[in-house]
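Worksheet: the structure to be examined is printed underneath.
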Amino acid sequence: MTILVTGGAGYIGSHTCLALLEQGYDVVAVDNFCNSSPESLRRVEELTGKKVPLYELDVRDEAALKAVFARHDISCVIHFAGLKAVGESVQLPLNYYENNLLSTMTLLRVMDGAGVKNIIFSSSATVYSTENTMPLTETGRLGCSNPYGWTKFMCEEIITDWVKAKADWSAVLLRYFNPVGAHPSGRMGEAPNGIPNNLMPFITQTACGVRKELVIFGDDYPTPDGTCVRDYIHVMDLAEGHVAAIEYAAKHKGTEVFNLGTGTGYSVLDMVKAFEEVNHLSLPHRIGPRRAGDIAQCYANPSKSRELLHWTAKRTLKDMCADAWHWQQQNPRGYDA
Ligand code: NAD
Ligand code: UD1
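Have a look at this one:
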């Protein structure tokens, strides 16, 4: 069975390609490399000993995408391709709406023409309104606070409407919490461009001296230690969640939405302490002001995924910290080195 992975060279896409190959699936990847390099998939091939046909194209390019579907016998698509930086989406909203919405719509049309009826979509916990109480269940209120979040919200709507109109289609919308960590080999991991916005890459870059110190964004939140709480999930657990979603989509019609999180929240200070303890180092850090747009707590209720996808996150906070550091140490400049 062949799975087409859009955005396959990216952080989550490349780890998912590896998980799929390990489960015996064949994988075809497409990516325009606007936020990645082909090296990630070269390493997938190195680790698995299997080939991943990789096409450099923009998912909005209907003709190029059609040619890939014509060449391979694709059973299901995992759609990761998209822009994901919240701050940038506020500065350049049209880029986000154009890229994320048009790529999804083009993909659905091309899938339709090729008779491919199963899609797994990368959504985000960011689609939940800040008014919900924790932990978040899939029936929670929706609402976003930035253009990136709205693109995820709108793509969920577009896919849901499309599948409603097509009786024999299947869509699985996966709302990720906070993906962190790397493949335990240290050969694959997260390679952000420029100064990282997210906590874990900032921690690893600080630990190896690329950044001077970690600034913790606020310690006056209504949480046990005053710093924000998030549901960090190991990227390999997340990748395996996609394998489970493919199996679910093959057996069920219609659209279903699932949280992919661990169900456990850790504070920023918990993360700093865990990283220091696991990796036997001291991380320069200080408390700074709050970051605009942050919420105090965000963590999942993952019961629906456990019950229907038969998936649960297995890796610990220790694994996340050890694997992220292993990757950073071996690849201080990401895939470029
Ligand atoms: P990433 O940037 O590493 O991967 C996205 C990939 O898509 C990149 O390789 C990029 O080059 C490619 N891409 C973007 N637009 C494209 C287009 N029009 N055509 C072809 N390729 C294109 O990001 P990631 O962290 O791996 O995230 C994957 C998906 O998961 C994204 O849709 C993101 O919004 C979503 N997501 C990520 C997180 C997270 O924290 N990383 C959280 C929730 C949801
Ligand atoms: C961010 C995105 C969200 C996305 C999620 C997962 C924003 C506003 N939200 O959420 O849409 O789904 O990533 O990729 O960007 N922190 C520090 N210092 C730092 C960096 C982060 O203290 O240098 C803190 C943050 O305040 C937050 C926590 O660490 O409390 C996690 O931050 P981050 O990794 O950016 O994820 P989110 O804020 O959850």
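Using our numbering, the first residue of the sequence shown is number 429, and each one after it goes up by one.
For each residue, glycine too, the CB sits at the ideal point set by N, CA and C.
Residue i versus the options, residue with shortest Cα-Cα distance
| i | options | result |
| --- | --- | --- |
| L448 | D665, L530 and T651 | D665 |
| T634 | P712, E516, M533 and A678 | P712 |
| R718 | D648, Y576 and D747 | D648 |
| M699 | I674, D653, A678 and A728 | D653 |
| C749 | E735, G609, T558 and N460 | G609 |
| V638 | S710, C462, I506 and P760 | P760 |
| T558 | G721, G716 and V706 | G721 |
| L482 | D659, E675 and V456 | V456 |
| Q725 | T655, I674 and R499 | T655 |
| G682 | Y576, E584, G571 and Y453 | E584 |
| Y620 | D596, Y763 and Y453 | For clarity, residue 620 is Pro in the given sequence; the question names Tyr instead. Nearest option by C-alpha distance: Y763. |
| F508 | L529, P612 and A677 | L529 |
| A678 | E474, A498, V505 and T565 | V505 |
| A491 | L432, G541 and V518 | G541 |
| L432 | I674, N707 and D659 | I674 |
| D747 | A553, N707 and I623 | N707 |
| H680 | R658, K640, D596 and H500 | D596 |
| I502 | A513, P607, Y453 and L709 | Y453 |
| G693 | C636, I723, E474 and E705 | I723 |
| D659 | A667, N606 and L709 | N606 |
| H611 | F461, E474 and T434 | E474 |
Sequence-distant residues of the same chain with beta carbon closer than 6 Å to residue i, five excluded per side
| i | result |
| --- | --- |
| E618 | Y439 and P629 |
| Y527 | One point to set straight first is that residue 527 is Asn, not Tyr, in the sequence displayed. Once the five neighbours on either side are set aside, the close Cβ partners of N527 are L511. |
| K478 | L449 |
| W590 | L536 |
| R743 | H662 and D665 |
| E684 | V600 |
| A702 | L745 and C749 |
| T565 | N729 |
| V514 | N574 and Y576 |
Cutoff 8 Å; reference residue i; Cβ partners in own chain excluding five residues on either side
| i | result |
| --- | --- |
| S442 | G436, S464, S468, L469, R471, V472 and M616 |
| S733 | G669, A672, F686, N687, L688, W739 and T740 |
| L493 | V458, L485, V487, T534, L535 and V538 |
| I644 | T655, V696, L697, V700, H713, R714, I715 and G716 |
| I631 | L642, M699, V700, F703, L711 and A752 |
| N625 | A513, V514 and G515 |
| A593 | none |
Whole-number beta carbon distance between residue j and residue i, since they are thought to touch under 8 Å
| i | j | result |
| --- | --- | --- |
| E450 | T476 | 7 Å |
| V555 | F581 | 5 Å |
| C445 | V480 | 6 Å |
| Y524 | T579 | 5 Å |
| L736 | Y676 | 7 Å |
| D586 | T651 | It is Ile, not Asp, that sits at residue 586 in the sequence shown. Between T651 and I586 the Cβ distance is about 35 Å, and since that is not below 8 Å, they are no contact. |
Contacts around residue i, its chain only, beta-carbon distance under 7 Å, and the 5 residues preceding and following it disregarded
| i | result |
| --- | --- |
| G614 | H754, W755 and Q758 |
| N560 | G568 and R569 |
| P563 | G691, Y727, A728 and N729 |
| E516 | none |
| V518 | N574 and P575 |
| L709 | A635 |
| P466 | A437 and L482 |
| F461 | A437 and E484 |
| P521 | P575 |
Heavy atom of ligand 3 within 7 Å of residue i beta-carbon
| i | result |
| --- | --- |
| T554 | As presented, the structure is devoid of ligand 3, carrying ligand 1 and ligand 2 as its sole ligands. |
Next on the checklist: Whether or not the segment 546-565 and the segment 586-602 are in contact is what I'm after, with contact meaning three or more pairs of Cβ atoms, one per stretch, closer than 8 Å; do they touch?
Outcome noted: yes
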